[in-house]
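Asks:
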Amino acid sequence: MDTLGKRIAKARIAKGLSQGQLAELLHWSGQSRVGNYERDQREPTLEDINRIASIVGVSAKELIFGPDANDNQTVIQVTSSNDSYVYVAMTKPRQTQKGIDLQPISLPPLAIAKDQKAGLNEHTRGLAALSAPIDDGMSPYISPGDVIVVDTSDTEPEDGGIYLIALNGKCLIRKLYTSADSIILRSFTHPDKAILEHDRSQLQIMGKVAYRAG
4 MDTLGKRIAK
14 ARIAKGLSQG
24 QLAELLHWSG
34 QSRVGNYERD
44 QREPTLEDIN
54 RIASIVGVSA
64 KELIFGPDAN
74 DNQTVIQVTS
84 SNDSYVYVAM
94 TKPRQTQKGI
104 DLQPISLPPL
114 AIAKDQKAGL
124 NEHTRGLAAL
134 SAPIDDGMSP
144 YISPGDVIVV
154 DTSDTEPEDG
164 GIYLIALNGK
174 CLIRKLYTSA
184 DSIILRSFTH
194 PDKAILEHDR
204 SQLQIMGKVA
214 YRAG
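The sequence shown maps to residues 4 to 217 in the numbering used here.
#1: Just tell me which of L199, D195, K173 and T192 has its CA closest to the CA of D184.
#2: What does the Cβ neighbour count give for A17, buried or exposed, with the cut at 16 atoms within 10 Å?
#3: Rounded to a whole number of angstroms, what is the C-alpha to C-alpha distance between V212 and P160?
#4: Taking C-alpha atoms, which residue in A92, R189, L188 and P47 lies nearest to K9?
#5: Using the Cβ count rule (16 or more neighbours within 10 Å means buried), how would you classify Y144?
#6: State the beta-bridge partners of T99 as determined by DSSP.
#7: Measuring alpha carbon to alpha carbon, tell me which of H193, A135, R15 and I168 ends up nearest G210.
#8: Whole angstroms is fine: what's the gap from L49's alpha carbon to R36's?
#9: For Q207, which three-state DSSP category applies?
#10: Taking only runs that begin and end inside the stretch 123-151, name each unbroken beta strand (DSSP E) of 3 or more residues, in chain order.
#11: Three-state secondary structure (DSSP) at I11?
#12: Could you compute how far the alpha carbon of D149 sits from the alpha carbon of A131?
#13: Quick check: the Cα distance between H153 and A26, rounded to an integer number of angstroms?
#14: Can you give me the Cβ contacts of G33 inside the same chain, cut-off strictly under 7 Å, excluding the 5 residues immediately before and after it?
#15: Please name the residue, chosen from R189, Q106 and L170, that lies closest to G163 on a Cα-to-Cα basis.
#16: Among T155, V59 and T181, which residue has its Cα nearest to the Cα of Y214?
Structure, rendered in C-alpha cells:
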C-alpha cells in the first residue's frame, strides 16, 4: 500500500539523501523523526510536509496524495496524536472539469483543540478547512472570512444540517432540507430556494460544516 511515509522515503532516496542527512537539512536533532514518519508511526504536520517537500524536490500535494495528486479529489487532513490538537489542512475551492474541488494550499493547518469539538480527533478523516465564501446567507453565525471545517465525507443532506455547497459553480453555505421531489436551500438572509430533481445537476454538496473558527 502506498502511504505518506513510503512517499516521503521514496522522494528522499530519489534525492540521494539518508534519513540522517534529511534530518540535518531540516535542523532536527537525529533521524528518529524522519524514520517515524517514513514508517507511518507518526503523522507529520502540514508544516513538516512542506519543509520536507521543499528539500526533496516534490510538491507537498504530491507527498500527501501521491503522483496522481492533480486527479485526486480526496481531501486529507494532517493530524497528530501526540498533542491535544487536530490539525486540518487549509484548502481553497477550485473549478475542475468534474465540478468544484477543495484543493490544499500552502498555508499552516488549522489547529483545533480536541476538547473544543466533541468527536473530533486524529482518527477523523475527510476534513478540509477553508475561508467561508463571500456570501451573507448564514450571517451572523458564519460570516465571510470565518474559517470553517467541512466534512467532505458527509454529502447526504440531513434536514437542518449546514453544508458547503456549490450552486451553478458558486460556493455557498446553506441549511439543507429534503422533500419528496426537491432539496431546499435555506439561509438567514435570502428566500428559500428549491432545487427540483431535474435541476439536481446544478447543485454540488461538498460537505457538512463541522466547525467554525471566527
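Virtual Cβ for every residue (Gly too), placed ideally from N, Cα, C.
Replies: Let me lay it out:
#1: Your numbering for residue 184 matches position 181 in the sequence shown. Nearest in C-alpha terms to D184, of all of L199, D195, K173 and T192, is L199.
#2: On the sequence shown, residue 17 is found 14 positions in, with the first residue counted as 1. Taking a 10 Å sphere around the C-beta of A17, we find fewer than 16 other C-beta atoms and assign the residue as exposed.
#3: Position 209 of the sequence shown, counting from 1, holds the residue named residue 212. Position 157 of the sequence shown, counting from 1, holds the residue named residue 160. Approximately 11 Å between the Cα atoms of the pair.
#4: Locating residue 9 in the sequence shown gives position 6, counting from the first residue. If we check each option's Cα against that of K9, P47 comes out closest.
#5: Numbered from 1 along the sequence shown, position 141 holds the residue referred to as residue 144. The residue is exposed, with fewer than 16 neighbouring Cβ atoms inside 10 Å.
#6: Within the sequence shown, residue 99 is the residue found at index 96, counting from 1. G102, per the DSSP bridge assignment.
#7: As a first step, residue 210 must be located in the sequence shown, where it is residue number 207. Comparing Cα-Cα distances from G210 to each of H193, A135, R15 and I168, the minimum goes to I168.
#8: Locating residue 49 in the sequence shown gives position 46, counting from the first residue. Locating residue 36 in the sequence shown gives position 33, counting from the first residue. Take the alpha-carbon of L49 and the one of R36: they are about 15 Å apart.
#9: Mapped onto the sequence shown, residue 207 falls at position 204. Of the three classes helix, strand and coil, the one that applies to Q207 here is strand, per DSSP.
#10: Restricted to the stretch 123-151, the beta strand (DSSP E) segments that are unbroken, complete and at least 3 residues in length are 130-134, listed in chain order.
#11: The residue you call residue 11 lines up with position 8 of the sequence shown. If DSSP states are grouped into helix, strand and coil, I11 belongs with the helices.
#12: For this step, residue 149 is matched to residue 146 along the sequence shown. For this step, residue 131 is matched to residue 128 along the sequence shown. Going by the C-alpha atoms only, they are around 14 Å apart.
#13: Stepping through the sequence shown from its first residue, residue 153 is reached at position 150. Stepping through the sequence shown from its first residue, residue 26 is reached at position 23. Correcting the residue identity first, residue 153 is Val in this sequence and not His. Distance between the alpha carbons of V153 and A26 is about 34 Å.
#14: For this step, residue 33 is matched to residue 30 along the sequence shown. Answer for G33: A26, listed in chain order.
#15: Within the sequence shown, residue 163 is the residue found at index 160, counting from 1. Between G163 and the set R189, Q106 and L170, the nearest pair of CA atoms involves R189.
#16: Position 211 of the sequence shown, counting from 1, holds the residue named residue 214. Cα-wise, what sits closest to Y214 is T155.
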